[in-house]
Structure formats: C-alpha cells, structure tokens
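164 is the number of the first residue of the sequence shown in this note's numbering; add one for each residue after it.
The structure under discussion appears below in the form of structure tokens.
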Amino acid sequence: MRGLVVAVILVLAVIAAFAFGLIDINQTKDAKLPEVAVKGGQVPAFDVNTAKVNVGSKDAAVEVPKVDVGTTTANVKLPTVDVQKAK
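Shown next, in the form of structure tokens:
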C-alpha cells in the first residue's frame, strides 16, 4: 500500500512539473523504423477437436404465480444445454 501511495505522489509531481513549466521536452530527431526483409517461412498447422454443445428447450411444469391469491402450474419452455466431450 505504501508503494502505491509513493507512486501516486511521483506521478502527481511529474504532472505538476509539466504544468508549471519546470520540464520542457522537445523532439530533436524524427523516429525511423528499421528496414526488415522477410523471406520464406511457414505458418503452423493445428488439428483441433472441440466439444459439441447442443442448446434446445424442453417442456416442464413450473408453478407460476397468479394475480389473485395462489399459484397455478403452467407449461413453459426451459433452455437445455448438452455438452459432449471432444474425442
């Protein structure tokens, strides 16, 4: 925790130095990327087996509240998920 406080104070000090003109940075030379030549090579190949996921729905009887006092049972579609491991 103490290190975080010190880091915040240092950042604030640098920001204040820029704001009050104590630090002035001017670029004196433009940057240039190096020239690179690439020849040949090959991308890797992969054989991937993944799990099969089946998403569907099924009918189920679920108690659903009514506006009046009490509940009633209604048929609703519930989501299903079936996962088969990769072979």
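All C-beta atoms in this analysis are idealised placements derived from N, C-alpha and C, irrespective of residue type, glycine included.
Here the structure is a predicted model, which means the values were calculated and not measured.
Assignment of beta strand (DSSP E) within the region 204-242, counting only whole runs of 3 or more residues, yields 215-228 in chain order.
In the three-state reduction of the DSSP assignment, V246 falls in the strand class, which pools E and B. In the structure shown, the three-state DSSP call for V199 is coil.
Contact annotation, I186 with A180: C-beta distance approximately 5 Å; criterion of less than 8 Å satisfied.
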